[in-house]
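Heads up: the protein sequence lines correspond to chains A and B, in order. Counting from 6, one number per residue, gives the positions in the first sequence under the working numbering. Counting from 128, one number per residue, gives the positions in the second sequence under the working numbering. Note that the Cβ used here is the ideal one computed from N, Cα and C, for glycine as well.
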Amino acid sequence: MRRTSLVRSLIVLSLAAPVMLGGCKPKAIRGGEGTENPDLDEGAMGTGLDRKDLDDLMKTNMTALMASPLWATWRSSKQPVIAIWPIKNDTSEHLDDQMLTLLSDMETEFINGGVVSVVSRERQAEMIAEANLQQTGDFNPAMAAQIGRQIGAQYFVTGKLQAVDERFDKERRVQYTLFLQVVEVESSIVKFQTKSERSKAIVR
Amino acid sequence: MTMMRGWPRSWLRGWLRGWLRGWLRLGAGCLVAATLACATYSERTEAARDELQRGDPAGAASQLNKFMKVRSSEQLPNKWKKDFELVVLERAMILQAIGDHETSARDFEIADKQLELLDIARDGAGKLGKYIYSDSATKFKTSPIEKMSINAMNLCNYLVQGDLQGARIEAKRFTVMRNYMRDYDPEHEHNAFGSYVAGFVFEHLGQADEALRYYDEALQEREFGSLKAPIERLAARGSYRGERIEDYLPSTPSAPVEKPPVETSPPAETPPTPMPAAEGPPVQRPSTTSELGALSGIPAWPILADAASSGEILVIAKTGRVPYKVPKRIPIGLAIGLAGAFVTGDTTLLEYGMFKVVTYPELVAHDTVFDQAEASIGGHALDMELATDVTGEIVAEYEDMKPKIIGAALTRMIARAAAAEAGRAAGNQAEGAGGLIGFLAAAAIEGTMVALDKPDTRSWTTLPARIHVARAMVPAGTHEVTVTVRGPGGMETRRTRVKVAAGGFAVVDVTTLR
């Protein structure tokens with residue numbers, strides 16, 4: 006009897022082992038809206054800026070802009086022409102790809118809002134190349150005025166991302182601030198400015 | 128059993144002896160078979176390492192091809208059996224040493240996709256130690272340092288081929304791993320070489336700020352005199368200023384090399400801070416001497432003023448191989464002391480076990496043939512700098528994991544001792560020679576489990592131990608680059624002719640793997 010139960014236990018164990026091991030095997034999954042894992046993007050995986058961070062930062066700044074007197078002026082006037090200057094990555098993080106995503110998001114919001122006309126970035130790049138200029142992340146009012154006149158833009162929307170990076174006892178916190186600014190091309194006067202914040206950290 | 132009481136005692140003894148003999152023979156056979164079948168990874172790849180040690184990387188690649196049952200290095204296995212992805216990684220490194228950068232890049236990319244990361248960030252239940260100790264049956268997982276090195280090594284392949292876009296992708300992959308390391312292991316040095324070459328890539332892609340960020344990262348790990356001139360050039364085009372970048376800029380701003388024609392606004396950045404006095408806080412400073420110093424009697428490369436008609440040569444020399452893992456035995460008492468809180472289970476059970484030693488995977492060094500490098504271009508000496516001590520990083524990473532690994536080994540040993548005790552108790556219940564049966568049963572169980580219990584010695588054994596870099600601006604044209612490697616095994620010189628276009632670059636890579 007004892008022997009039979011031992012044999013039975015061994016058989017069960019040998020059959021269960023591959024199942025148990027197989028259960029730990031990693032697999033690829035799909036996530037986001039409309040999938041079986043809608044919350045996949047919710048968790049933070051590092052101290053960099055992810056899709057959710059970019060969306061939140063963008064939303065805060067755009068909401069502030071749309072509630073501003075400048076936006077009200079734009080709504081009441083005949084679709085002013087705006088151009089978007091690259092957002093400067095002023096952090097030590099490699100976030101240039103994220104900055105490009107942010108730029109595209111901003112562009113999409115402006116275009117779909119229908120309140121302003123947006124100069125295509127390709128056209129802007131062509132003009133800069135034609136004028137033999139070099140557009141960097143730094144907003145350069147003189148260059149902006151020159152390009153603005155050439156492309157017919159009345160306003161430049163620009164921004165800057167800054168970060169405060171702190172460490173303590175194997176923990177790390179990065180506090181990001183995204184500034185958004187609207188500058189009138191003709192006068193170089195800052196017509197609107199806002200900021201949004203996001204902190205990311207590794208805690209133990 | 129009731130019926131047996133009436134049988135002659137001598138017959139019983141004879142039957143028992145035969146029964147035991149049979150079981151012991153079977154047990155011994157199983158032990159031998161198990162031991163032979165479970166050769167560790169380091170044992171199975173020993174032949175390839177021997178070939179490398181003899182200076183025959185092609186022979187080493189052939190050995191690995193045999194392992195994967197493919198005819199040549201051009202081929203990939205049809206079926207991905209256990210550890211093949213690691214062997215492809217080993218072969219990728221060897222192919223780079225041979226100079227077959229295209230196939231090497233392919234192998235690196237495949238290995239990078241196939242290999243999973245051993246996640247040091249999630250180790251709540253001590254899974255990490257358990258995995259490394261004896262889960263050689265499971266899929267191999269690279270350590271973070273190894274994973275990061277895959278991208279750094281593959282960057283070399285693309286740079287040698289002049290493929291900046293391919294190199295850019297590898298640089299971004301490298302950054303993902305470096306960010307992970309910075310977040311979860313901020314106390315150790317992390318592959319300054321990768322940041323250095325990633326900076327080189329973005330510098331030549333014309334992305335000044337991104338290049339400066341990478342150089343800043345490299346300078347966080349160690350100083351690089353060879354970055355002084357590139358940082359000055361880039362600072363004129365880019366606006367990024369980290370603390371270390373400031374240190375590498377002259378105290379009085381020099382005339383920018385390139386400037387947009389219509390630059391009317393003042394620069395946004397604060398002027399560079401002057402260098403503090405030597406007795407100040409220990410900050411990194413640009414080095415003006417190389418690791419070996421300039422080659423004796425060879426004039427140093429002159430600094431070229433005319434950037435428009437010149438190109439750049441980057442020399443990369445990789446020497447030695449990182450330590451590999453072998454099973455090591457230590458007494459239980461010492462193991463308990465080393466493992467500390469990472470042991471789970473009743474350690475008193477170990478007192479009853481037959482085996483008083485613990486076996487775990489330990490790193491052992493290769494016999495180093497070359498460990499230093501020097502370079503010259505057209506007879507002019509270059510400052511060769513040690514970019515990354517990969518061995519140091521691998522050892523530091525492993526030392527951090529070691530208590531967990533030994534803890535896992537002890538935990539498993541406790542489980543073995545408990546099983547042996549159960550066997551002993553069951554054997555003791557038998558009448559007559561019950562005590563003997565109990566002892567033999569315990570010995571058989573514990574012995575078989577020990578024989579089957581092979582520590583996982585899998586690791587990237589062909590990863591170079593030390594990486595050196597040197598660079599120089601040279602007039603456009605063809606140049607002869609000489610790289611000499613030295614060490615306990617003697618010296619070796621390799622000469623390469625490269626063509627550099629005006630405003631372009633060329634990368635020379637020498638990998639010894641011994």
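Beta-carbon proximity check, residue 164 (chain A) vs residue 92 (chain A), cutoff 8 Å: Against a cut-off of 8 Å, the Cβ pair of residue 92 (chain A) and residue 164 (chain A) comes out as a contact.
Nearest-angstrom beta carbon gap, residue 493 (chain B) and residue 448 (chain B) [assumed within contact, 8 Å]: Going by Cβ atoms, the distance from residue 448 (chain B) to residue 493 (chain B) rounds to 5 Å, so yes, they are a contact pair.
Contact residues within the segment 343-373 of chain B, judged by C-beta distance below 9 Å to chain A: So the list reads 343, 344, 364, 365, 366, 367 and 369, given in the order they occur along the chain.
Spatial neighbours of residue 619 (chain B) in its chain, beta-carbon cut-off 6 Å, leaving aside the 5 residues before and after: Apart from sequence neighbours up to five positions away, the residues of its chain that approach residue 619 (chain B) with a beta-carbon distance below 6 Å are 612, ordered along the chain.
With 16 other Cβ atoms within 10 Å as the buried cut-off, status of residue 320 (chain B): Flag for residue 320 (chain B) reads buried.
Given residue 90 (chain A) as reference, the closest of A:178, A:158, A:62 and A:204 once Cα atoms are compared: Residue nearest to residue 90 (chain A) within the set A:178, A:158, A:62 and A:204 is A:158 (criterion: CA-CA distance).
Members of the segment 152-181 of chain A that neighbour chain B once the beta carbon cut-off is set at 8 Å: For the segment 152-181 of chain A, the residues whose beta carbon sits under 8 Å from a beta carbon of chain B are, in order, 172, 175 and 177.
Boundaries of the beta strand (DSSP E) in which residue 151 (chain A) is found, first to last residue: DSSP places residue 151 (chain A) outside any beta strand (DSSP E); the residue lies instead in the alpha helix (DSSP H), whose first and last residues are 146-156.
Sub-8 Å separation of residue 185 (chain A) and residue 95 (chain A) beta-carbons: Cβ atoms of residue 185 (chain A) and residue 95 (chain A): not closer than 8 Å.
Residue 504 (chain B) - DSSP class collapsed to helix/strand/coil: Residue state, collapsed to three classes: strand.
8 Å Cβ cutoff met for residue 323 (chain B) and residue 301 (chain B): In this structure, residue 323 (chain B) lies away from residue 301 (chain B), with their beta-carbon atoms at least 8 Å apart.
Proximal residues to residue 287 (chain B) (C-beta, below 8 Å), its chain only, five neighbours per side dropped: Within the same chain, residue 287 (chain B) has close Cβ partners 228, 634, 635 and 636.
Proximity of residue 285 (chain B) and residue 273 (chain B) at Cβ, strictly below 8 Å: Going by beta carbons, residue 285 (chain B) and residue 273 (chain B) fall outside the 8 Å limit.
Residue 463 (chain B) versus residue 581 (chain B): straight-line alpha-carbon distance, rounded: Approximately 19 Å, taken between the alpha carbons.
Through-space distance from residue 348 (chain B) to residue 515 (chain B), alpha-carbon basis: Distance between the alpha carbons of residue 515 (chain B) and residue 348 (chain B) is about 9 Å.
Where residue 597 (chain B) falls: helix, strand or coil (DSSP): Under the three-state reduction of DSSP output, residue 597 (chain B) falls in the strand class.
Residues that residue 119 (chain A) contacts on chain B, provided the C-beta gap is smaller than 8 Å: Correct list: empty, because the minimum Cβ distance to chain B is about 33 Å.
Residue 42 (chain A), DSSP secondary structure in three states: Coil at residue 42 (chain A), not helix or strand.
Chain B within 8 Å of residue 97 (chain A), Cβ atoms only: At least one CB of chain B lies nearer than 8 Å to the CB of residue 97 (chain A).
Contact list for residue 37 (chain A) against chain B, beta-carbon separation under 8 Å: Contacts between residue 37 (chain A) and chain B, judged by CB atoms closer than 8 Å, are missing: the closest CB pair is about 20 Å apart.
Where residue 192 (chain B) sits in the DSSP three-state scheme: Taken through DSSP and simplified to helix, strand or coil, residue 192 (chain B) comes out as helix.
Counted within 10 angstroms of its Cβ, other Cβ atoms place residue 116 (chain A) as buried (16 or more) or exposed: Classification of residue 116 (chain A): exposed, given that the 10 Å Cβ count is below 16.
Own chain, CB closer than 6 Å to residue 193 (chain A), minus 5 neighbours either side, in chain order: Cβ within range, chain order: 146.
Pick from B:597, B:539, B:445 and B:583 that is closest to residue 512 (chain B), judged by C-alpha positions: Looking at the Cα atoms, B:597 is the closest of the given residues.
Minimum Cβ-Cβ distance from residue 194 (chain A) to chain B less than 8 Å: False, the Cβ-Cβ gap to chain B never drops below 8 Å.
Residues bridged to residue 178 (chain A) [DSSP beta-bridge criterion]: Per DSSP, A:171 and A:206.
Assumed close pair residue 223 (chain B), residue 231 (chain B) - CB separation to whole angstroms, cut-off 8 Å: Confirmed, about 4 Å.
Residues near residue 353 (chain B) in its chain [Cβ-Cβ closer than 7 Å; skip 5 each side]: The answer, listed in chain order, is 510, 512, 596, 597 and 598.
For residue 310 (chain B), three-class secondary structure by DSSP: Helix, per DSSP.
Start-to-end residues for the beta strand (DSSP E) that takes in residue 451 (chain B): Membership of residue 451 (chain B) in the beta strand (DSSP E) is indicated by the continuous run 451-458.
Residue 451 (chain B) at chain A interface by Cβ criterion, 8 Å: No, residue 451 (chain B) lies away from the interface with chain A (no Cβ there is under 8 Å from its Cβ).
Beta-carbon proximity list for residue 182 (chain B), same chain, < 7 Å, skipping 5 on both sides: Within the same chain, 641 come within 7 Å of residue 182 (chain B) by CB-CB distance, once the 5 residues on both sides are set aside.
For residue 267 (chain B), the first and last residue of its enclosing alpha helix (DSSP H): For residue 267 (chain B), no alpha helix (DSSP H) encloses it, and the DSSP letter there is neither H nor E.
C-alpha gap between residue 346 (chain B) and residue 371 (chain B), whole angstroms: Cα to Cα, the separation comes out at about 7 Å.
The segment 123-130 of chain A / the segment 75-83 of chain A touching (three or more Cβ pairs under 8 Å): No, because fewer than three Cβ pairs between the segment 123-130 of chain A and the segment 75-83 of chain A fall closer than 8 Å, the two stretches do not touch.
Supposed close pair residue 484 (chain B), residue 458 (chain B) - CB separation, criterion 8 Å: Cβ atoms of residue 484 (chain B) and residue 458 (chain B) come within 8 Å of each other, at about 6 Å.
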